[in-house]
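Participant: Attaching a single structure in structure tokens format; questions to follow.
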Amino acid sequence: QDMFVGGLESTSTTLEWAISELLRHPHAMTRLQEEIESVVGKHGKVKESDLASMKYLHCVVKETLRLYPAGPLGLPHESVEAVTVGGFYIPKKTTVMVNLWAIGRDPNVWGEYASKFNPGRFMESGKFSLTDQSDF
Numbered sequence: 213q214d215m216f217v218g219g220l221e222s223t224s225t226t227l228e229w230a231i232s233e234l235l236r237h238p239h240a241m242t243r244l245q246e247e248i249e250s251v252v253g254k255h256g257k258v259k260e261s262d263l264a265s266m267k268y269l270h271c272v273v274k275e276t277l278r279l280y281p282a283g284p285l286g287l288p289h290e291s292v293e294a295v296t297v298g299g300f301y302i303p304k305k306t307t308v309m310v311n312l313w314a315i316g317r318d319p320n321v322w323g324e325y326a327s328k329f330n331p332g333r334f335m336e337s338g339k340f341s342l343t344d345q346s347d348f
């Protein structure tokens with residue numbers, strides 16, 4: 213039951229962040245609304261089969277998760293052997309936490325406007341693309 217509740221909490225929190233960013237960026241909200249209306253109609257109901265056609269919706273979700281990861285420090289990992297990463301020595305059996313929140317805002321990865329909500333960063337020539345960024 214705890215896992216189920218935890219899953220609900222992270223989903224609802226992510227939705228709250230998405231709605232918050234869309235309210236702060238009306239152009240993004242309008243673009244998303246236009247996409248949804250073009251796929252399902254003004255008064256239609258979204259079906260699972262419609263989701264594949266909603267590329268901008270995918271971008272909004274990915275951008276929301278980039279800026280507001282459900283688990284900002286991810287899950288703990290343990291090194292299986294001693295290793296040096298980025299100049300840092302990590303002994304064997306060390307618990308490692310990855311700061312997903314910081315990675316999602318790193319200008320070296322996401323560019324000068326890394327902290328800005330911009331779902332379009334996942335689009336290339338108007339098409340959904342992940343060539344420059346990977347799934348996370």
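Start counting the sequence shown at 213; every next residue gets the next number (my numbering).
Even glycine gets a Cβ: it sits at the ideal position worked out from N, Cα and C.
(1) Less than 7 Å between C-beta atoms, sequence neighbours within five positions excluded: which residues of the same chain meet that for phenylalanine 300?
(2) Quick one: Cα of methionine 309 to Cα of serine 250, how far?
(3) For arginine 278, count neighbouring Cβ atoms within 10 angstroms of its own Cβ and tell me buried if that reaches 16, exposed if not.
(4) Indicate whether tryptophan 313 and proline 281 have their beta-carbon atoms separated by less than 8 Å.
(5) With distance defined between alpha-carbon atoms, name the residue in Met335, Pro331, Glu336 nearest to glycine 241.
(6) Whole angstroms are fine: how far does the CA of threonine 276 sit from the CA of tryptophan 229?
(7) Taking the alpha-carbon positions, what's the lysine 305 to leucine 287 distance?
(8) Might you give, ordered along the chain, the residues of its own chain that have their beta carbon closer than 6 Å to the beta carbon of lysine 328, omitting 5 neighbours on each side?
(9) Drop a sphere of 10 angstroms on the beta-carbon of leucine 234, count the other beta-carbons inside from all chains shown, and report buried for 16 or more, exposed for fewer.
(10) Can you give me the C-alpha to C-alpha distance between lysine 246 and glycine 256, rounded to a whole angstrom?
(11) Taking DSSP as the reference, what is the three-state secondary structure of methionine 266?
Facilitator: The answer reads as follows:
(1) Within the sequence shown, residue 300 is the residue found at index 88, counting from 1. Within the same chain, no Cβ atom closer than 7 Å to the Cβ of phenylalanine 300 is found once the five residues on either side in sequence are excluded.
(2) The residue labelled residue 309 in the question sits at position 97 within the sequence shown. The residue labelled residue 250 in the question sits at position 38 within the sequence shown. Going from the Cα of methionine 309 to the Cα of serine 250 covers about 42 Å.
(3) Taking the sequence shown and counting its residues from 1, the one referred to as residue 278 is at position 66. That one is buried.
(4) Taking the sequence shown and counting its residues from 1, the one referred to as residue 313 is at position 101. Taking the sequence shown and counting its residues from 1, the one referred to as residue 281 is at position 69. Remark: C-beta atoms of tryptophan 313 and proline 281 approach each other more closely than 8 Å.
(5) Taking the first residue of the sequence shown as position 1, residue 241 is located at position 29. Residue identity differs from the one stated: residue 241 is methionine in this sequence, not glycine. Out of Met335, Pro331, Glu336, Pro331 has the C-alpha closest to the C-alpha of methionine 241.
(6) As a first step, residue 229 must be located in the sequence shown, where it is residue number 17. As a first step, residue 276 must be located in the sequence shown, where it is residue number 64. Per the coordinates, the alpha-carbon of tryptophan 229 lies some 7 Å from the alpha-carbon of threonine 276.
(7) Mapped onto the sequence shown, residue 305 falls at position 93. Mapped onto the sequence shown, residue 287 falls at position 75. Looking at the two C-alpha atoms, the distance is approximately 15 Å.
(8) Your numbering for residue 328 matches position 116 in the sequence shown. So no residue of the chain qualifies.
(9) Counting from one through the sequence shown, the residue named residue 234 turns up at place 22. Per the 10 Å Cβ criterion, buried.
(10) As a position in the sequence shown, residue 246 is number 34, starting the count at 1. As a position in the sequence shown, residue 256 is number 44, starting the count at 1. The amino acid occupying residue 246 in the given sequence is glutamate; lysine does not appear at that position. C-alpha of glutamate 246 to C-alpha of glycine 256: approximately 13 Å in a straight line.
(11) Position 54 of the sequence shown, counted from the start, is the residue given in the question as residue 266. Assignment of methionine 266 by DSSP, reduced to helix, strand and coil, places it in the coil class.
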